[in-house]
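Following the numbering used here, the residues of the sequence shown are numbered contiguously, the last one being 401.
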Amino acid sequence: MAAATAHPHHRQPELRDSFDGWFVVILDTMKFTGFVACLFAGWLPLAATRAAVPATAPEIERETLDRWAAPFRGWHYWPEHVIPAQPRVPGHDSFENTDVPCVYQLPGQPDRWFMSFIAFDGRGYNSFVAESSNLIHWTRPRLAMGFGPPGEFDHGGRVIGAFLYESYDVRAPRVLQRRDGRYWTLYGCYPRQGGYELRPGYEGVACSEDGLTWRRAKDAPILAVQDPDCGTWEKDCIYQPWLVEHRGRFFNFYNAAHGGTEQTGLAFSTDLLNWMRYPANPIIRNRPGGYDEQFASDPKVFRDGDHWTMFYFGVGRGGAHIMAAFSRDLVHWTAHPEPLYKAGGHPTGLDKQYAHKISLVYNPRDDTLYLFYCAVGGKGRGIGLLTSKPLTESKPLIGPR
Numbered sequence: 001m002a003a004a005t006a007h008p009h010h011r012q013p014e015l016r017d018s019f020d021g022w023f024v025v026i027l028d029t030m031k032f033t034g035f036v037a038c039l040f041a042g043w044l045p046l047a048a049t050r051a052a053v054p055a056t057a058p059e060i061e062r063e064t065l066d067r068w069a070a071p072f073r074g075w076h077y078w079p080e081h082v083i084p085a086q087p088r089v090p091g092h093d094s095f096e097n098t099d100v101p102c103v104y105q106l107p108g109q110p111d112r113w114f115m116s117f118i119a120f121d122g123r124g125y126n127s128f129v130a131e132s133s134n135l136i137h138w139t140r141p142r143l144a145m146g147f148g149p150p151g152e153f154d155h156g157g158r159v160i161g162a163f164l165y166e167s168y169d170v171r172a173p174r175v176l177q178r179r180d181g182r183y184w185t186l187y188g189c190y191p192r193q194g195g196y197e198l199r200p201g202y203e204g205v206a207c208s209e210d211g212l213t214w215r216r217a218k219d220a221p222i223l224a225v226q227d228p229d230c231g232t233w234e235k236d237c238i239y240q241p242w243l244v245e246h247r248g249r250f251f252n253f254y255n256a257a258h259g260g261t262e263q264t265g266l267a268f269s270t271d272l273l274n275w276m277r278y279p280a281n282p283i284i285r286n287r288p289g290g291y292d293e294q295f296a297s298d299p300k301v302f303r304d305g306d307h308w309t310m311f312y313f314g315v316g317r318g319g320a321h322i323m324a325a326f327s328r329d330l331v332h333w334t335a336h337p338e339p340l341y342k343a344g345g346h347p348t349g350l351d352k353q354y355a356h357k358i359s360l361v362y363n364p365r366d367d368t369l370y371l372f373y374c375a376v377g378g379k380g381r382g383i384g385l386l387t388s389k390p391l392t393e394s395k396p397l398i399g400p401r
């Protein structure tokens, strides 16, 4: 595997939503199929909707891609993992190989961050959460979401981190949004224990009262390989989601596998519980000979001025690298051919094998972007940190240590 309403202080520019017209058709169809699903336990084929959806749009020119990618190049290195390969979570000492970081904040706590991450114990993944007052030193790791019930779709482990945020602006605080009195996340999961990412994978939806401990919000997967609209490209395993809310609609960007390749697709919802796939999936495809020729995975999408930026990881040319793609409408994407950051860039060898699965946070106190990522190298699989400006231990960051 790889691993909202607008915030009042961040004005959201209007984007050219080419999907607005046909999305109405999708929503109407989803309302009907939601009723039918109660009878038949699944979506019916959506031929009329598929015909209404435009499958292509002009690619974004290279000059624009370069300009949009420029703010996310030239990173500085934090010397060590911020969460090590052996996190020593109390009561869960057998879990190691940390992965899939995702940073967030809770309403009313501007000087405290939380990071969800996963670790593996030989049976499967569990999700954990740690906290920090400065985005560097993370403490109090504890269980956020463990194994699902035996015999069910998420028994083999659950990977949270596709949170519903108040804003998806690239420089907005990553504050969780309450909906119906609860916080929400999508999650990746596996039905079987006893190995590493045992196929097939599924996706579920979870909620939380406190933003720290999570439980299922629906006792069935939201995406499954058995779904009628599941494409050939995703038939073998569905992996990690990423949730975006825009104009009251929900978008699930997710990666999935067919054989040994992974690509990224898109699904839509109006209620977080029932989802329908975009018929022109995958939206980020493997490029022969490229840095993403084998994997184009783990998308993370943010609004950046007049466009959307997707961070994802590519596997190709001998490593796993941090890549970017761009869109004007959230549906049609053009990927930049060059990585934002290549595996092996860290001077200590912290990521000499893989650099992937990012979580991006902007700290206004020091005007710095913090890019957390899974760094795999000489010190194992842990959570690394890159920043847009150099940091030192003596430099004041934010809040008390």
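A virtual CB, placed ideally from N, CA and C, is assigned to each residue, including glycine.
Figure out for me which residue from 312, 153 and 116 has the closest Cα to the Cα of residue 141.
Per the Cα distances, 116.
Measuring only the C-alpha atoms, how far is residue 73 from residue 135?
Each residue's alpha carbon lies about 20 angstroms from the other.
Specify, as a first and last residue, the run of the alpha helix (DSSP H) that residue 65 falls within.
Taken as a continuous stretch (DSSP letters only), the alpha helix (DSSP H) holding residue 65 covers 62-69.
Is it buried or exposed, residue 382, if we count other Cβ atoms within 10 angstroms and call 16 or more buried?
By the neighbour-count rule (16 or more Cβ atoms within 10 Å), residue 382 is buried.
Residue 291 and residue 316 - do their beta-carbons sit closer together than 7 angstroms?
Against a cut-off of 7 angstroms, the Cβ pair of residue 291 and residue 316 comes out as a contact.
For a quick check, are the C-beta atoms of residue 273 and residue 250 less than 7 angstroms apart?
Not in contact: residue 273 and residue 250 (Cβ atoms no closer than 7 angstroms).
Should the stretch 359-369 be regarded as contacting the stretch 325-340, the criterion being three or more beta carbon pairs within less than 8 angstroms?
The stretch 359-369 vs the stretch 325-340: no contact.
From this set, 213, 277 and 345, which residue's C-alpha is nearest residue 322's C-alpha?
Per the Cα distances, 345.
For residue 170 and residue 247, what's the separation of their Cα atoms in angstroms?
Computed Cα separation, rounded: 17 angstroms.
Examine the Cβ distances between the stretch 82-101 and the stretch 171-186 and report whether three or more of them are shorter than 8 angstroms.
No: fewer than three Cβ pairs fall under 8 angstroms.
Which class does residue 95 belong to by DSSP, given the choice of helix, strand or coil?
If DSSP states are grouped into helix, strand and coil, residue 95 belongs with coil.
Helix, strand or coil: how does DSSP classify residue 430 here?
Shown here, the chain extends from 1 to 401; a query on residue 430 therefore has no answer.
Starting from the C-beta of residue 342, find all residues in its chain whose C-beta is less than 6 angstroms away, skip the five residues before and the five after it, and write them out in chain order.
Counting only Cβ-Cβ distances below 6 angstroms, and skipping sequence neighbours, we find 321.
Per DSSP, what are the beta-bridge partners of residue 203 in this structure?
Bridge partners of residue 203: 188 and 223.
So, helix, strand or coil for residue 234, using DSSP?
Three-state result, residue 234: helix.
Using only the alpha-carbon positions, how far apart do residue 354 and residue 310 sit?
So the alpha carbons of these two residues sit roughly 19 angstroms apart.
So for residue 381, helix, strand or coil by DSSP?
Three-state result, residue 381: strand.
Which word fits residue 332, buried or exposed, when buried means at least 16 other C-beta atoms lie within 10 angstroms of its C-beta?
Classification of residue 332: buried, given that the 10 Å Cβ count is 16 or more.
Determine the direct distance from the alpha carbon of residue 238 to that of residue 39, and round the result to whole angstroms.
Any reading at residue 39 must be qualified, since the residue scores a pLDDT of 31, below 50, and its modelled position is unreliable; the value itself is stated next. Answer to the nearest angstrom: the Cα atoms are 25 angstroms apart.
To the nearest angstrom, how far is it from the Cα of residue 296 to the Cα of residue 201?
Rounded to the nearest angstrom, the two C-alpha atoms are 17 angstroms apart.
Tell me the DSSP secondary structure of residue 280 in three-state form.
Looking at residue 280 - three-state DSSP - the assignment turns out to be coil, as it is neither helix nor strand.
Residue 198: which of 211, 185, 123 and 67 sits nearest, CA to CA?
Ranking 211, 185, 123 and 67 by Cα distance to residue 198 puts 123 first.
Are the CB atoms of residue 125 and residue 159 nearer to each other than 7 angstroms?
Cβ atoms of residue 125 and residue 159: closer than 7 angstroms.
Report the start-end ranges of each beta strand (DSSP E) in the stretch 250-328 that is 3 residues or longer and not cut off at the edges.
Listed in chain order, they are 261-269, 295-304, 307-316 and 319-327.
Quick one: is residue 196 buried, meaning 16 or more other Cβ sit within 10 Å of its Cβ, or exposed?
The residue is exposed, with fewer than 16 neighbouring Cβ atoms inside 10 Å.
So the beta strand (DSSP E) residue 144 belongs to, where does it begin and stop?
Start and end: 139-145.
Sort out for me which residues DSSP pairs residue 105 with in a bridge.
Bridge partners of residue 105: 175.
Identify every residue that forms a DSSP beta bridge with residue 119.
In the DSSP output, where bridge partners are listed per residue, residue 119 has 126.
Is the beta carbon of residue 217 less than 7 angstroms from the beta carbon of residue 205?
A contact, by the Cβ cut-off of 7 angstroms.
Can you list, in chain order, the residues of its chain with a C-beta nearer than 6 angstroms to that of residue 187? Leave out the 5 residues immediately preceding and following it.
If we look at residue 187 and ignore the five residues flanking it on each side, its Cβ neighbours are 158, 159, 160, 204 and 206.
If I follow the unbroken beta strand (DSSP E) through residue 153, where does it start and stop?
Unbroken run through residue 153: none, as it is neither H nor E.
Quick check on DSSP: helix, strand or coil for residue 169?
In this structure, residue 169 counts as strand in the three-state DSSP scheme.
Quick check on residue 209: buried or exposed, where buried means 16 or more other Cβ atoms within 10 Å of its Cβ?
Flag for residue 209 reads exposed.
In the DSSP output, which residue or residues are listed as bridge partners for residue 340?
In the DSSP output, where bridge partners are listed per residue, residue 340 has none listed.
Straight-line CA distance for residue 287 to residue 59?
If you take the alpha carbons of residue 287 and residue 59, they lie about 15 angstroms apart.
Could you name the residues of the same chain whose beta carbon sits closer than 7 angstroms to that of residue 337, not counting the 5 residues immediately before and after it, in chain order?
If we look at residue 337 and ignore the five residues flanking it on each side, its Cβ neighbours are 290.
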